[in-house]
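J.: In order, the protein sequence lines correspond to chains A and B.
Everything in the first sequence is counted per our numbering, starting at 132 for the first residue and increasing by one.
Everything in the second sequence is counted per our numbering, starting at 132 for the first residue and increasing by one.
Glycine residues also receive a C-beta, built at the ideal position from the N, C-alpha and C atoms.
Small disclaimer: the values here were computed from a predicted structure and weren't measured.
Sending over a structure as structure tokens; questions will come in a sec.
Number of protein chains: 2
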Amino acid sequence: MTSKTSPTKYSISDLSKEFDITTRSIRFYEDQGLLSPSRKGQTRIYNQRDKVRLKLILRGKRLGFSLAETGRLFELYDVDKTSAKQLNSIMELINNKKSDLTQQLDDINAVLIELNDLEDNCQETLRTLESK
Amino acid sequence: MTSKTSPTKYSISDLSKEFDITTRSIRFYEDQGLLSPSRKGQTRIYNQRDKVRLKLILRGKRLGFSLAETGRLFELYDVDKTSAKQLNSIMELINNKKSDLTQQLDDINAVLIELNDLEDNCQETLRTLESK
DNA sequence: AGCAACCTTTACGTTAACGTAAACTTCCTA
DNA sequence: TAGGAAGTTTACGTTAACGTAAAGGTTGCT
Numbered sequence: 132m133t134s135k136t137s138p139t140k141y142s143i144s145d146l147s148k149e150f151d152i153t154t155r156s157i158r159f160y161e162d163q164g165l166l167s168p169s170r171k172g173q174t175r176i177y178n179q180r181d182k183v184r185l186k187l188i189l190r191g192k193r194l195g196f197s198l199a200e201t202g203r204l205f206e207l208y209d210v211d212k213t214s215a216k217q218l219n220s221i222m223e224l225i226n227n228k229k230s231d232l233t234q235q236l237d238d239i240n241a242v243l244i245e246l247n248d249l250e251d252n253c254q255e256t257l258r259t260l261e262s263k
Numbered sequence: 132m133t134s135k136t137s138p139t140k141y142s143i144s145d146l147s148k149e150f151d152i153t154t155r156s157i158r159f160y161e162d163q164g165l166l167s168p169s170r171k172g173q174t175r176i177y178n179q180r181d182k183v184r185l186k187l188i189l190r191g192k193r194l195g196f197s198l199a200e201t202g203r204l205f206e207l208y209d210v211d212k213t214s215a216k217q218l219n220s221i222m223e224l225i226n227n228k229k230s231d232l233t234q235q236l237d238d239i240n241a242v243l244i245e246l247n248d249l250e251d252n253c254q255e256t257l258r259t260l261e262s263k
């Protein structure tokens with residue numbers, strides 16, 4: 132199997148260009164504990180895992196997650212290393228997030244409907260203006 | 132027709148209790164031009180329209196809208212009073228919002244799937260822990 | 001050697017959306 | 001009539017998520 136893998140090493144500016152964010156942001160995410168690139172000397176080296184994380188961070192942002200919340204979610208992926216006692220509180224957190232998101236789904240659908248109405252409204256107004 | 136209408140006058144604390152926010156927030160929204168209750172003397176009196184607006188503000192927040200953005204959306208409802216020239220820019224704004232929200236829908240569905248996976252994961256880990 | 005393009009750390013500045021406190025008025029009631 | 005509850009304005013404080021310098025190291029031309 133000759134699996135063509137994408138380059139697994141990125142500089143900070145590689146990522147900043149690819150995701151269209153500043154290097155300042157990327158370093159800040161590291162500062163907040165969401166990324167931990169390796170180093171070559173002083174210089175940060177990002178791998179595929181870092182890149183995926185960055186993508187998840189940005190998606191979280193689009194959903195209104197704070198960086199801290201996204202950090203929590205990252206931790207959840209290490210469930211194996213967690214005690215049974217904590218598992219229940221983790222699942223509670225998951226369920227909270229799920230109901231948040233379900234609420235958001237409803238919200239979005241409602242707003243989309245309204246926006247479509249508004250658009251129709253605009254178009255009709257345009258037509259009546261043109262026919263004068 | 133005896134239409135039973137809900138009381139159409141609210142105090143600031145009525146609304147703060149109903150929506151579980153502080154009066155500070157409500158006054159702040161007014162300060163930002165999103166609400167404009169009438170006054171009896173000094174005291175703010177809110178009507179049904181104000182209440183609806185407040186609900187919309189909070190829904191906007193859940194969707195990650197800034198107060199300014201929500202304000203823009205409020206203005207959109209006065210389309211009638213707008214010139215044909217502005218209508219196109221309004222529709223552009225609407226379409227931007229629509230694509231934002233569509234993106235969010237995708238994001239949410241993705242995260243919901245992941246959260247469900249995580250939950251399964253947790254439950255399985257719990258089971259294996261219990262069977263030891 | 002020089003300098004341009006990167007990278008780094010450190011640190012102060014900025015914006016949105018309130019929190020919090022002070023000082024005051026108005027109304028109700030024990 | 002004294003107090004308490006709810007309202008008001010004014011204004012400074014706070015947090016998250018960066019922006020924006022400043023000052024300096026490292027690499028690679030030319």
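Can you say whether Tyr208(B) is buried or exposed, counting buried as having 16 or more other CB atoms within 10 angstroms of its CB?
T.: Exposed is the call here.
J.: Which chain A residues are close to Gly195(B), counting only those with a beta carbon under 8 Å from its beta carbon?
T.: Chain A residues near Gly195(B): Arg193, Leu194 and Gly195.
J.: What residue from Leu232(A), Ile239(A) and Thr256(A) has the CA that sits closest to Leu232(B)'s CA?
T.: Ile239(A)
J.: Would the segment 137-152 of chain B count as touching the segment 162-179 of chain B if we require 3 or more Cβ pairs under 8 Å?
T.: yes
J.: Helix or strand or just coil, what does DSSP make of Lys186(A)?
T.: helix
J.: Would you report the Cα separation of Pro168(A) and Val242(B), rounded to the nearest angstrom?
T.: 24 Å
J.: Kindly indicate which three-state DSSP category Lys171(B) falls into: helix, strand or coil?
T.: strand
J.: Between the alpha carbons of Lys228(B) and Leu189(B), how many angstroms are there, rounded?
T.: 17 Å
J.: Let me see if you follow: with CB-CB separation under 9 Å, is Val183(A) close to chain B or not?
T.: Judged by the 9 Å Cβ criterion, Val183(A) is not in contact with chain B.
J.: Going straight from the alpha carbon of Glu223(A) to that of Ser144(A), what length do you get?
T.: 38 Å
J.: If we ignore side chains and look at the alpha-carbon of each, how far apart do Glu200(B) and Glu261(A) end up?
T.: 29 Å
J.: So for Tyr160(B), helix, strand or coil by DSSP?
T.: helix
J.: Quick one: what does DSSP say Ile266(A) is sitting in, helix, strand or coil?
T.: With chain A covering only 132 through 263, there is no way to say anything about residue 266(A).
J.: According to DSSP, which residues form a beta bridge with Tyr208(A)?
T.: Beta-bridge pairing links Tyr208(A) to no other residue.
J.: My assumption, with CB atoms under 8 Å, is that Leu204(A) sits in contact with Tyr160(A). Please give the rounded CB distance.
T.: Not really, about 14 Å apart at Cβ, beyond 8 Å.
J.: For Lys186(B), return the contacting residues in chain A, with the cut-off set at a CB-CB distance below 9 Å.
T.: Result: empty, since nearest Cβ-Cβ is about 11 Å, beyond 9 Å.
J.: Return the Cβ separation of Arg193(A) and Gln234(B) in integer angstroms, given the expectation that the two are a contact with Cβ distance under 8 Å.
T.: 7 Å
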